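Only one structure is covered here, and it is reproduced in the block below.
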Amino acid sequence: MKNLLFLVLVLSFPVMVFSQQKVEVVTKQYERRIPFKNGESIEVKGEKANISIEEYNGNEVVLIVTFTARHPEKAIADMELNYMRYTFQNTKTQVQVDNYFVLPKNVKKVNSNLQAELLIQVPKGVSVKTYNYFGTTVIKNVTSGIIASSEYGSLTLENCSGPIKAQTNFSEIKIFNPTYVFILANNSELTISGISGELNFSGENSDINVNASGIIKGSIELKNGDIRLTGLALSKQSFEIVSNNGRIEAPVQLKTVKENNFTKVNHQLNSALPLFKINSSFGKILIL
Numbered sequence: 039m040k041n042l043l044f045l046v047l048v049l050s051f052p053v054m055v056f057s058q059q060k061v062e063v064v065t066k067q068y069e070r071r072i073p074f075k076n077g078e079s080i081e082v083k084g085e086k087a088n089i090s091i092e093e094y095n096g097n098e099v100v101l102i103v104t105f106t107a108r109h110p111e112k113a114i115a116d117m118e119l120n121y122m123r124y125t126f127q128n129t130k131t132q133v134q135v136d137n138y139f140v141l142p143k144n145v146k147k148v149n150s151n152l153q154a155e156l157l158i159q160v161p162k163g164v165s166v167k168t169y170n171y172f173g174t175t176v177i178k179n180v181t182s183g184i185i186a187s188s189e190y191g192s193l194t195l196e197n198c199s200g201p202i203k204a205q206t207n208f209s210e211i212k213i214f215n216p217t218y219v220f221i222l223a224n225n226s227e228l229t230i231s232g233i234s235g236e237l238n239f240s241g242e243n244s245d246i247n248v249n250a251s252g253i254i255k256g257s258i259e260l261k262n263g264d265i266r267l268t269g270l271a272l273s274k275q276s277f278e279i280v281s282n283n284g285r286i287e288a289p290v291q292l293k294t295v296k297e298n299n300f301t302k303v304n305h306q307l308n309s310a311l312p313l314f315k316i317n318s319s320f321g322k323i324l325i326l
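Numbering of the sequence shown is given in this note's numbering, commencing with residue 39 and proceeding in unit increments.
Structure representation (structure tokens):
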């Protein structure tokens with residue numbers, strides 16, 4: 039899956055390659071602030087952008103935008119740097135941030151390597167929505183909920199204690215220390231570390247690696263892909279696991295039963311214990 043994802047990113051993302059010749063680098067940076075109002079959210083839409091969002095102790099939404107153009111000829115880099123734009127505005131209910139590209143009508147292609155970086159600081163209590171296409175998104179320490187979408191890129195969430203909902207396609211996802219996660223993923227790689235709480239995942243053509251730090255409930259439904267689970271509290275929760283045209287590798291206390299193309303585990307210690315369900319087709323389930 040990693041090799042496939044890397045190949046898709048390389049083939050899909052147009053990058054100019056300059057050999058050994060000297061490359062001129064030109065940048066523009068903007069910093070803006072908007073006062074935060076209670077109840078507001080922030081919505082960030084990125085295109086080929088590196089987005090970083092972090093909660094802080096202030097009472098303003100702070101945006102630092104850096105545009106960079108690289109080309110052997112400085113005049114071309116200077117000109118094409120102006121193709122990158124951004125907006126930062128406040129509506130009645132949310133703060134909106136986005137970056138985009140505007141090419142003159144007579145321009146058919148971009149000759150420079152263009153890069154946009156959005157660094158955003160949000161006050162406590164702000165829920166975050168992000169959409170990024172062909173870029174990276176990193177969100178840290180947000181406590182009021184996240185809705186994130188990534189296509190042909192990567193998404194990393196660190197120490198975000200509110201509910202997390204994510205949708206991805208051809209992306210790499212890393213989530214650290216969550217308590218509630220709901221994910222729809224296709225053609226993606228997902229790693230969740232230190233989860234204790236609820237996990238719900240549905241996807242195709244993806245691999246998922248989960249390390250639990252406590253009891254988890256919810257479900258995983260996956261078609262075409264592998265599931266790897268570690269750190270599960272086998273004596274403190276129940277499991278229902280079904281593999282269709284795949285296989286299950288699990289500790290001996292999780293007894294497997296084979297019925298035609300299906301392999302099943304029904305580990306019901308107590309009806310009052312949290313239940314975690316796994317339904318997989320055409321893949322391996324590994325429980326360590």
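Virtual Cβ for every residue (Gly too), placed ideally from N, Cα, C.
Predicted, not measured: the structure shown is a model, and the values here were computed from it.
Would you report the Cα separation of residue i and residue j, rounded to the nearest angstrom?
{"i": "N170", "j": "H305", "result": "40 Å"}
{"i": "S319", "j": "L101", "result": "44 Å"}
{"i": "N215", "j": "L311", "result": "22 Å"}
{"i": "V61", "j": "A154", "result": "18 Å"}
{"i": "L326", "j": "I221", "result": "23 Å"}
{"i": "K167", "j": "T268", "result": "30 Å"}
{"i": "A271", "j": "N197", "result": "22 Å"}
{"i": "A250", "j": "I233", "result": "5 Å"}
{"i": "I89", "j": "V135", "result": "11 Å"}
{"i": "E85", "j": "T294", "result": "46 Å"}
{"i": "G263", "j": "S209", "result": "14 Å"}
{"i": "K203", "j": "P110", "result": "42 Å"}
{"i": "Q291", "j": "G256", "result": "21 Å"}
{"i": "T104", "j": "N225", "result": "30 Å"}
{"i": "K143", "j": "Y121", "result": "12 Å"}
{"i": "E78", "j": "N207", "result": "28 Å"}
{"i": "K296", "j": "S188", "result": "38 Å"}
{"i": "K66", "j": "N283", "result": "54 Å"}
{"i": "E81", "j": "E118", "result": "27 Å"}
{"i": "V133", "j": "N298", "result": "55 Å"}
{"i": "N317", "j": "L260", "result": "6 Å"}
{"i": "S273", "j": "N308", "result": "10 Å"}
{"i": "V63", "j": "I279", "result": "54 Å"}
{"i": "A288", "j": "L313", "result": "17 Å"}
{"i": "N76", "j": "G163", "result": "8 Å"}
{"i": "L49", "j": "E227", "result": "Only weak support exists for where L49 lies, its pLDDT of 39 falling under 50; the value from the coordinates is given anyway. For L49 and E227, the distance between alpha carbons rounds to 18 Å."}
{"i": "K178", "j": "L157", "result": "12 Å"}
For residue i, does the count of other Cβ atoms within 10 angstroms reach 16, so buried, or fall short, so exposed?
{"i": "V140", "result": "exposed"}
{"i": "P73", "result": "exposed"}
{"i": "A107", "result": "buried"}
{"i": "L43", "result": "The pLDDT assigned to L43 is 48, lower than 50, so where the model puts this residue is not dependable; a value taken from the coordinates is nonetheless given after this. With 16 or more other Cβ atoms within 10 Å, it is buried."}
{"i": "A113", "result": "exposed"}
{"i": "S244", "result": "buried"}
{"i": "Q275", "result": "buried"}
{"i": "K83", "result": "buried"}
{"i": "Q59", "result": "exposed"}
{"i": "Q127", "result": "exposed"}
{"i": "V160", "result": "buried"}
{"i": "V145", "result": "exposed"}
{"i": "N97", "result": "exposed"}
{"i": "E93", "result": "buried"}
Residue i: which of the options sits nearest, CA to CA?
{"i": "S281", "options": "K130, G252 and T301", "result": "T301"}
{"i": "T175", "options": "M122, G183, E227 and K212", "result": "K212"}
{"i": "T229", "options": "R266, I177 and V148", "result": "R266"}
{"i": "S199", "options": "S182, A223 and I253", "result": "S182"}
{"i": "L193", "options": "A87, R70, Y68 and R71", "result": "A87"}
Between residue i and residue j, how many whole angstroms is the CB-CB distance? I'm expecting something under 8 Å.
{"i": "I286", "j": "I323", "result": "5 Å"}
{"i": "Y218", "j": "G191", "result": "About 23 Å; that fails the 8 Å criterion."}
Using beta carbons (cut-off 8 Å, strictly below), is residue i in contact with chain C?
{"i": "K322", "result": "As a matter of chain content, chain C is missing from the structure shown, which is built from one protein chain."}
Whole runs of the beta strand (DSSP E) within the segment 240 to 312, excluding any shorter than 3 residues:
Taking only runs of at least 3 residues, the beta strand (DSSP E) segments lying wholly in the segment 240 to 312 are 245 to 261, 265 to 268, 276 to 282, 285 to 287, 294 to 297 and 300 to 305.
To test your reading of the DSSP string, which unbroken beta strand (DSSP E) runs of 3 or more residues are found completely within the segment 121 to 188?
Whole beta strand (DSSP E) segments, 3+ residues: 122 to 128, 132 to 139, 151 to 161, 165 to 171 and 174 to 178.
Which runs of the beta strand (DSSP E), 3 residues or longer, sit entirely within the segment 62 to 105?
List check, beta strand (DSSP E) in window: 62 to 73, 79 to 85 and 87 to 94.
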